[in-house]
Amino acid sequence: MAIPIDVSGKTQSAAAWVNLGSAELVEVPCPKMNAGDILIEVEASGLCATDHKVCGGHTPSAARNVIIGHEYAGTIVAIHPETHTQLALGDRIAVNPNIYCQACVYCHSARVHLCQNLRALGITTHGGMEKYAVVPISQAVFVPPHVSPEAASLAEPLSCVLHAFDKGNVRTGHDVLVVGAGPVGCMLNAIVRAAGARCTVMEPNPARRKIVKEDFSADEVVDLDALPGCDGRFDVVFECVGRTDAMENALTCARPGGTVVWVGVARPDAVCKINPYLIYARELTLRSSFTNPYTMQRAVRFLADGGLNVEKFVTHKFSLEDFPKAWEAFERNDGLKICVMPNKSSAEIAAMTSN
Numbered sequence: 001m002a003i004p005i006d007v008s009g010k011t012q013s014a015a016a017w018v019n020l021g022s023a024e025l026v027e028v029p030c031p032k033m034n035a036g037d038i039l040i041e042v043e044a045s046g047l048c049a050t051d052h053k054v055c056g057g058h059t060p061s062a063a064r065n066v067i068i069g070h071e072y073a074g075t076i077v078a079i080h081p082e083t084h085t086q087l088a089l090g091d092r093i094a095v096n097p098n099i100y101c102q103a104c105v106y107c108h109s110a111r112v113h114l115c116q117n118l119r120a121l122g123i124t125t126h127g128g129m130e131k132y133a134v135v136p137i138s139q140a141v142f143v144p145p146h147v148s149p150e151a152a153s154l155a156e157p158l159s160c161v162l163h164a165f166d167k168g169n170v171r172t173g174h175d176v177l178v179v180g181a182g183p184v185g186c187m188l189n190a191i192v193r194a195a196g197a198r199c200t201v202m203e204p205n206p207a208r209r210k211i212v213k214e215d216f217s218a219d220e221v222v223d224l225d226a227l228p229g230c231d232g233r234f235d236v237v238f239e240c241v242g243r244t245d246a247m248e249n250a251l252t253c254a255r256p257g258g259t260v261v262w263v264g265v266a267r268p269d270a271v272c273k274i275n276p277y278l279i280y281a282r283e284l285t286l287r288s289s290f291t292n293p294y295t296m297q298r299a300v301r302f303l304a305d306g307g308l309n310v311e312k313f314v315t316h317k318f319s320l321e322d323f324p325k326a327w328e329a330f331e332r333n334d335g336l337k338i339c340v341m342p343n344k345s346s347a348e349i350a351a352m353t354s355n
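The numbering of the sequence shown is UniProt numbering, which starts it at 1 and goes up by one.
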């Protein structure tokens, strides 16, 4: 029988948004559970473009000094006596960071992601870039034993991508364009192809074009110079960059009757120039996608079934003690996905990556 871990009165390392523009290692008290909480030993925590926006001051709801990390997974090591759950010590979970109030009009109309009182672990309150993290039991999603820590940490971003995919109403045989071959674009490519549609990925970075073609088997990969030939070609277009020029260009690529989904996160002060006549004449559907309502379990199943090549997707792994190096690699846009493993040493990670 597993024995609960008691971290009360102890301190631990964590990565937090302290100074504008970056996250840094700090020493903090280990978190305390309240009724309804569990304590997890964090196995893996991914860095995401949202972390960069939070630390850059571009996320209005973000709290200064917050421990970042909203893409994480771990093992349950303690359960508060007043937490009611069928999960047990030793179970592994992925964390849904989005906490809904369950009281506003949107929560009552099954649109919880639009909650008027939305809180988010790693953004408005402490997240998972730490060794031990307290998680409300409502946010815990069971992960099967055979799913790797790195894969489990991808459940949250994949759940957001699944919601975006649903917005596109992709059908078998559709011709789909994904703009951007970053983590979101590569995930969408995998999901689109699994649905029996054809996927073209547009990406200006030659290294990422190579990754999405060779490691994720995109049907076609093109540079931005192919844009004129994409005019009016695709049934569904997913914009995954969050740049206004990419958002504008995405509209021109949709065929008459097509759908465009804005997935990328633009800055709050960004402004697009849109041709309304194009939308009218082609009778386009323009949609946006925000967070991950009701898709976490689907994401875990997709990962458990091997729907994403996780070994190729997670290109860099770091210990928490090497977080400064992880952040530098993240800012350089190295590889595809950077994963921090807070309870592994640098030597252990080096041994893992050398095998």
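Where a beta carbon is used, it is the ideal one built from N, C-alpha and C, also for glycine.
Rounded C-alpha distance that separates residue 204 from residue 185
13 angstroms
Based on Cα-Cα distance, which residue from 215, 67 and 292 lies nearest to residue 134?
67
Tell me which same chain residues have a C-beta within less than 7 angstroms of the C-beta of residue 248, skipping the five on either side of it?
272, 273 and 274
Determine the contact status of residue 342 and residue 32, defining contact as a CB-CB distance below 7 angstroms.
no
Excluding the five sequence neighbours on either side, which residues of its own chain have a C-beta within less than 6 angstroms of the C-beta of residue 47, listed in chain order?
330 and 338
Option in 65, 34 and 115 with minimal Cα separation from residue 84:
34
Grab the span of the beta strand (DSSP E) containing residue 12 for me, first residue to last.
11 to 16
Unbroken stretches of the beta strand (DSSP E), 3 residues or longer, contained in the region 324 to 354
337 to 341
Going by CA-CA distance only, name the one from 75, 165 and 89 that's closest to residue 199.
165
Within a Cβ cutoff of 8 angstroms, which residues of the same chain sit near residue 303, ignoring the five residues on either side of it in sequence?
147, 151, 152, 154, 155, 158 and 310
What residue range does the alpha helix (DSSP H) around residue 164 cover?
155 to 168
Identity of the residue in 115, 16 and 94 nearest residue 103 by Cα
115
Residue of 253, 96, 281 and 288 minimising C-alpha distance to residue 123:
96
I'd like to know whether the C-beta atoms of residue 7 and residue 41 end up nearer to each other than 7 angstroms.
no
Among the candidates 320, 213, 105 and 177, whose CA atom is the shortest distance from the CA of residue 226?
177
Any idea which residues DSSP pairs residue 316 with across the strands?
338
Determine whether the beta carbon atoms of residue 36 and residue 72 lie at a separation below 7 angstroms.
no
Start-end ranges of the alpha helix (DSSP H) lying completely within the region 161 to 233, minimum 4 residues
183 to 194 and 206 to 214
Cβ-Cβ distance between residue 293 and residue 112 below 7 angstroms:
yes
Go through the region 234 to 272 residue by residue and report every complete run of the alpha helix (DSSP H) that reaches 4 residues or more, in order.
244 to 253
Please state the DSSP three-state secondary structure of residue 83.
coil
Residues that residue 287 bridges to, as DSSP identifies them:
261
How big is the Cα-Cα spacing for residue 82 and residue 350?
40 angstroms
Excluding five sequence neighbours on each side, which residues of the same chain lie with their C-beta closer than 7 angstroms to the C-beta of residue 142?
87, 91 and 93
Residues bridged to residue 37 (per DSSP)
136
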